[in-house]
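Residue numbers (full-length UniProt numbering): 1 to 278.
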Amino acid sequence: MANYFSNHSQSRFLANSSSPTTTQQAQQPPPPRSRLPTSKHFSTSVTTNSVSERSVSKEKVTSSNGSSVNGSANVHPLRNTWVFWFRQQRAPGNKIASYEEGIKKISAFSSVESFWSLWTHLSPPSSLQPTTDYLLFHNGIRRPVWEDPLNLTGGKWIIRLKKGVADRIWEDLVLAIIGDQFDVCRPSEDAVKNAGASDETDWPEICGCTISVRQSEDIVSLWNRIDGDIKLREKIRDTIRRVLHLPPTTVMEYKSNNDSMQDKSSFRNSAIDRTPLS
């Protein structure tokens, strides 16, 4: 797994390593992947006994709010409502669009069923063109930008990946976020007060996550609400390592949204964290 990372601390894992790569054959696009719900990440689990039962349950879900045809209670609600966004830097005609102009809302979901109904229709990161982003953010965030009031006092953890391995990492990260695997990450009252952030108890510390498909690498980032709480940031980092099964020597980076607003960049001039996994 260690060779997933484009900035791994050991040279044999670097993106420019001289190790042989697998030749990809030019074939027709593969058929849509089967993405059956894997409930290990959900605090509200889905228990099914057979493929036929899963099919019946899927047929009953007819809308994004999880309502079923026969009105029976087959919906597994998530604790929060989340929204998928899509951003492409180059609009049709190769005209470069600004960040704000390029962001498009895909859909919101608030149950396990509505998530899978949406997820199975999204193209995986490996099939996206460079300078394209997927963004998943809490419904309370009006726009997934640094300047949003709920993002303003926060920052993000960053992991750089080699090309071709982002699909699994992205899926596991999304499932961990909507499945409340980061619920243990809570800021102290003093940190919230010092940051001037909203002290609403129902607001999660994790604002959302992104994957940025680039020419030579893919970059995943997880956004949190309070930048100034160092212990909280470390707990989020350790949770990321756990839910993504990252090797101990994985290099991670952190950057505050305030710094991003200063240098107009999401990933440049970030702070490198080389703390080994304990």
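Glycine included, each C-beta is placed from N, C-alpha and C at the ideal position. Keep in mind that this is a model prediction, so the values were computed, not measured.
Query, Result
"Thr-275 versus Val-243: straight-line alpha-carbon distance, rounded", "17 angstroms"
"Continuous beta strand (DSSP E) assignments of at least 3 residues falling wholly in the region 137-201", "155-161"
"Given 8 angstroms, three or more beta-carbon pairs between the region 153-161 and the region 213-220", "yes"
"Identity of the residues DSSP links to Lys-105 by a beta bridge", "Trp-85"
"Start-to-end residues for the beta strand (DSSP E) that takes in Ile-240", "First-last for Ile-240: 230-244, but that is the alpha helix (DSSP H), not the beta strand (DSSP E)."
"Helix, strand or coil at Ser-260 [DSSP, three-state]", "helix"
"Closest Cα partner of Lys-104 within the set Ser-110, Arg-79, Arg-142 and His-121", "Arg-142"
"Backbone CA spacing between Ser-64 and Ser-216 [nearest angstrom]", "Because the pLDDT at Ser-64 is just 42, under 50, the model does not fix this residue reliably, and the point stays unresolved."
"Integer-rounded CB distance, given that Tyr-134 should sit under 8 angstroms from Ile-211", "5 angstroms"
"CB-CB length for Ile-226 against Thr-153, believed under 8 angstroms", "6 angstroms"
"Lys-231, buried or exposed, once every other Cβ within 10 Å from all chains shown has been counted against 16", "exposed"
"Test item: CB-CB of Glu-205 and Arg-233 under 7 angstroms", "no"
"Outcome for Asn-258 when other beta-carbon atoms lying within 10 angstroms are tallied against a minimum of 16", "exposed"
"For Asn-269, three-class secondary structure by DSSP", "coil"
"Neighbour-count burial assignment, Met-252, 16 or more Cβ in a 10 Å radius", "buried"
"Proximity of Ile-178 and Trp-82 at Cβ, strictly below 7 angstroms", "yes"
"With 16 other Cβ atoms within 10 Å as the buried cut-off, status of Ala-208", "This sequence places Gly at residue 208; Ala is not what is there. Buried, since its Cβ has 16 or more Cβ neighbours within 10 Å."
"Contact under 7 angstroms by Cβ, Val-174 with Leu-122", "no"
"Per-residue DSSP class, three states only, for Trp-203", "coil"
"Neighbourhood of Ala-271 by C-beta distance below 6 angstroms, restricted to the same chain and skipping five residues each side", "Tyr-254"
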